[in-house]
Amino acid sequence: MDKIIVTGGKRLEGEIKVSGAKNAALPILISSLLADGWNTYRNVPRLMDIESTKVLLSNLGAEIETDGDTVRINAQGFHNHEAPYDLVRKMRASILVLGPILARLKKARVSLPGGCAIGARPINLHLKGLARLGAAIDLKHGYVEAKAPRLKGNEIYFDVTTVTGTENLLMAAVLAEGTTVLRNVAREPEVKALADVLVQMGADISGAGTSMMVIKGVPELKPVSVSILPDRIETGTLMVAAALTRGEVVLTGCEPGHLEAVIHKLRLTGAEVITAGSRIKVSGPAEISSVDVKTLAYPGFPTDMQAQFMVLMSMAKGLSIISETIFENRFIHVSELKRMGADINISGDTALIKGVPRLGGAPVMATDLRASASLVLAGLAAKGTTEVRRVYHLDRGYESLDKKLALLGADIHREKE
Ligand code: EPZ
364 MDKIIVTGGK RLEGEIKVSG AKNAALPILI SSLLADGWNT YRNVPRLMDI
414 ESTKVLLSNL GAEIETDGDT VRINAQGFHN HEAPYDLVRK MRASILVLGP
464 ILARLKKARV SLPGGCAIGA RPINLHLKGL ARLGAAIDLK HGYVEAKAPR
514 LKGNEIYFDV TTVTGTENLL MAAVLAEGTT VLRNVAREPE VKALADVLVQ
564 MGADISGAGT SMMVIKGVPE LKPVSVSILP DRIETGTLMV AAALTRGEVV
614 LTGCEPGHLE AVIHKLRLTG AEVITAGSRI KVSGPAEISS VDVKTLAYPG
664 FPTDMQAQFM VLMSMAKGLS IISETIFENR FIHVSELKRM GADINISGDT
714 ALIKGVPRLG GAPVMATDLR ASASLVLAGL AAKGTTEVRR VYHLDRGYES
764 LDKKLALLGA DIHREKE
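The opening position of the sequence shown corresponds to residue 364 in my numbering, with each subsequent residue numbered one higher.
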């Protein structure tokens, strides 16, 4: 296992290109199961979760070629309807193969993803939706066993907006018989990106990016050649790094339109954020103003940016309130930040942060993807040295974050633990 060593106090300066979006690449690579022939995906981030997805897809029978950030997948040989526990447990987004397997092989046996550090993360809405399309669903020995001779279009209402739930149903509905109406769906850019790829494959989808999508089933889909959109959460994470260190950083290859809530809140902290096309320039403030944040489904403030923003607030002037409304246990980073001197009190889904002049470096432990990023960010601004252990969490969702930060002038390196 690796650890990352950060010595705080360096201003970040320079220009860096952000990578492709993990949470778009995962469903889009999995959508290759829906067609026969070679798909080409460019700007795919080099991440552990992408490697896990490739292993899962080749286990199902797909052929995969990788050349740098380009991944080619041919599902011609896709014949296996099982996604075993050993693969699914490594990455809960593996549940996204359920819809495509059912749509193409008429039966599926996929391990239940189980819980995770940030919450129970049930998949009841995925299963309820597939049942509405005519699938017979059984839960046996920790697996979902689903059968559907032919999925039939239907009206589905999501009690809660779910990103992967929307994506699973979208991929099940595109080859179903008749029309499916999905209501109260997730509007995240990654969901729209998947819908856009499916339309390029020949699917008939309207309303992507809104809270209602209408899908008219088609007999078959064709392979595509597409580029993955930029990762808005990596972009936001690097923007916070610039703001934290009073730096001046230009991010390229971005999509500022996907970060409106984050940009708005960062400007309220006193950071200067200038956007131009696919470039975002962030200049950190001499003094960070405290700002309240409530995480919400898109286009609200993203839960995946909550931990990172909390680090900024931990060194802001005054009091700030951060409410986490999406996941029931996404304050795990708080105890580690408090060991670095942060003054944070939690009550239910709300954290009250009293800014301190500066955090102090300490050995800390990463527990989940975004919490680990927040600990690296804290180390950038803290006095002294911070050792972040178990950075495999970080490597699941960030492509060489430590190298990118070092290129911007951070005193950061990786060591074997
Ligand atoms: C996706 O997870 C992302 N992962 C998460 O990113 C992100 O935090 C989350 O959406 C919210 O934006 C991927 O896209 C691979 P949800 P997902 O279903 O789809 C409840 C990261 O850091 N719910 O939108 O699993 C659920 O408990 C990761 O990159 C049900 O109750 O999240 C939660 O409270 C972490 N029943 C809420 O919905 C269901 O069947 C939103 O979860 C499904 C979800």
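All C-beta atoms in this analysis are idealised placements derived from N, C-alpha and C, irrespective of residue type, glycine included.
Best match in Glu-691, Val-674, Phe-690 for proximity to Ser-683 [C-alpha to C-alpha]: Selected option, being the one with the closest Cα: Val-674.
message: Please give me, in chain order, every unbroken run of the beta strand (DSSP E) with length at least 3 that falls completely inside the region 400-485.
response: For secondary structure counted as the beta strand (DSSP E) over 3 or more consecutive residues, the region 400-485 holds these complete runs in sequence order: 401-405, 426-430, 433-437, 470-474.
message: Is Asn-422 near the ligand EPZ - that is, is its Cβ less than 7 Å away from at least one heavy atom of it?
response: Not one heavy atom of the ligand EPZ sits closer than 7 Å to the Cβ of Asn-422.
- request: Please indicate yes or no: does the CB of Leu-416 lie closer than 7 Å to some heavy atom of the ligand EPZ?
  value: According to the sequence displayed, residue 416 carries Thr and not Leu. Checking the Cβ of Thr-416 against the ligand EPZ gives no.
- request: Could you pull the start and end residues of the alpha helix (DSSP H) that Ile-709 belongs to?
  value: In the DSSP assignment, Ile-709 falls outside any alpha helix (DSSP H) and lies within the beta strand (DSSP E) extending over 706-710.
task: Give the straight-line distance between the Cα atoms of Ser-574 and Gly-723, rounded to the nearest whole angstrom.
output: Answer to the nearest angstrom: the Cα atoms are 44 Å apart.
Cβ shell of Ile-464 (< 6 Å), same chain only, five flanking positions each side left out: Hits under 6 Å: His-444, Ala-471.
message: Given this structure, state the Cα-to-Cα distance separating Leu-533 from Ala-558, to the nearest angstrom.
response: Each residue's alpha carbon lies about 8 Å from the other.
- prompt: Looking at Ala-456 and the ligand EPZ, is the gap between the Cβ and the nearest heavy atom below 7 Å?
  reply: Yes - the ligand EPZ has a heavy atom lying nearer than 7 Å to the Cβ of Ala-456.
- request: Find out if the Cβ-Cβ distance for the pair Leu-514, Gly-528 is shorter than 8 Å.
  value: Going by C-beta atoms, Leu-514 is not nearer than 8 Å to Gly-528.
- request: Going by CA-CA distance only, name the one from Gly-610, Glu-618, Leu-538 that's closest to Leu-561.
  value: The residue with the shortest Cα to Cα distance from Leu-561 is Leu-538.
- prompt: Got a sec? Which residues, its chain only, sit under 8 Å from Pro-665 by beta carbon, not counting five neighbours each side?
  reply: These residues qualify, in order along the chain: Arg-595, Ile-596, Gly-599, Ala-624, Val-625, Thr-658.
task: List the whole-angstrom C-beta distance separating Lys-680 from Ile-651, where the pair is believed to meet the contact cut-off of C-beta under 8 Å.
output: Rounded to whole angstroms, the Cβ separation of Lys-680 and Ile-651 is 7 Å, and the two are in contact under 8 Å.
message: Under DSSP, the beta strand (DSSP E) around Thr-638 begins and ends at which residues?
response: Where Thr-638 is concerned, the enclosing beta strand (DSSP E) stretches over 635-639.
Length at least 3, wholly inside the region 711-746: the beta strand (DSSP E) runs in chain order: Taken in chain order, the complete beta strand (DSSP E) segments of 3 residues or longer contained in the region 711-746 are 713-717, 726-728.
- request: Specify, as a first and last residue, the run of the alpha helix (DSSP H) that Ile-775 falls within.
  value: Counting along the chain, Ile-775 falls outside any alpha helix (DSSP H), though it belongs to the beta strand (DSSP E) covering 774-779.
message: To test your reading of the DSSP string, which unbroken beta strand (DSSP E) runs of 3 or more residues are found completely within the region 597-660?
response: Taking only runs of at least 3 residues, the beta strand (DSSP E) segments lying wholly in the region 597-660 are 611-615, 635-639, 642-646.
task: Would you check whether the ligand EPZ has a heavy atom nearer than 7 Å to the C-beta of Arg-513?
output: Arg-513 has its CB no nearer than 7 Å to any heavy atom of the ligand EPZ.
- request: Can you give me the Cβ contacts of Arg-630 inside the same chain, cut-off strictly under 7 Å, excluding the 5 residues immediately before and after it?
  value: If we look at Arg-630 and ignore the five residues flanking it on each side, its Cβ neighbours are Val-636.
message: Using 8 Å as the cut-off, can you tell me whether the region 397-404 makes contact with the region 748-758, which would need three or more C-beta pairs spanning the two stretches below that distance?
response: They do not touch, by the three-pair rule.
message: Taking the beta carbon of Glu-428 as the centre, do at least 16 other beta carbons fall within 10 Å, making it buried, or is it exposed?
response: Note on Glu-428: under 16 other CB atoms within 10 angstroms of its CB, so exposed under the neighbour-count rule.
- prompt: Relative to the alpha-carbon of Thr-615, which residue among His-627, Ser-641, Leu-592, Asp-412 has its alpha-carbon at the smallest distance?
  reply: Among His-627, Ser-641, Leu-592, Asp-412, the Cα nearest to that of Thr-615 belongs to Ser-641.
field: Minimum Cβ-Cβ distance from Ala-558 to chain D less than 8 Å
entry: Absent from the structure: chain D. Only one protein chain is present.
Coil, strand or helix - Arg-759 by DSSP: Reduced to three states, the DSSP call for Arg-759 is helix.
query: Quick one: is the Cβ of Arg-484 within less than 7 Å of any heavy atom of the ligand EPZ?
result: Arg-484 Cβ: within cutoff of the ligand EPZ.
field: At least three beta-carbon pairs within less than 8 Å, the region 757-777 to the region 364-373
entry: These segments touch.
message: I want to check one thing, is the minimum distance from the CB of Leu-389 to the heavy atoms of the ligand EPZ below 7 Å?
response: Yes; taking the cut-off as 7 Å, the Cβ of Leu-389 has a heavy atom of the ligand EPZ nearer than that.
- request: Thinking Arg-467 and Leu-396 are a contact (beta carbons under 8 Å), I'd like their distance in whole angstroms, please.
  value: About 6 Å separates the two Cβ atoms, so the contact holds.
- prompt: In terms of residue numbering, what span does the alpha helix (DSSP H) encompassing Lys-491 cover?
  reply: Start and end: 487-495.
- prompt: How is Phe-521 classed by DSSP in three states: helix, strand or coil?
  reply: Coil.
field: Neighbour-count burial assignment, Lys-555, 16 or more Cβ in a 10 Å radius
entry: Using a 10 angstroms sphere on the CB of Lys-555, the tally of other CB atoms reaches 16 or more, which defines it as buried.
message: Our contact map puts Glu-376 next to Val-612 with C-beta atoms below 8 Å; I'd like the distance itself, whole angstroms only.
response: Separation of the CB atoms of Glu-376 and Val-612 is rounded to 7 Å, and the pair is thereby assigned contact status at 8 Å.
- prompt: Considering Arg-546, what are the terminal residues of the beta strand (DSSP E) in which it resides?
  reply: Run containing Arg-546: 542-546, per the beta strand (DSSP E) assignment.
Bridge partner(s) assigned by DSSP for Val-589: Val-589 pairs with Tyr-404.
message: Just checking Pro-408 against the ligand EPZ - is the residue's beta carbon closer than 7 Å to any of the ligand's heavy atoms?
response: With a threshold of 7 Å, the Cβ atom of Pro-408 does not count as near the ligand EPZ, since no heavy atom of the ligand is closer than that.
field: Residues that DSSP places opposite Met-576 in a beta bridge
entry: Answer is Leu-545.
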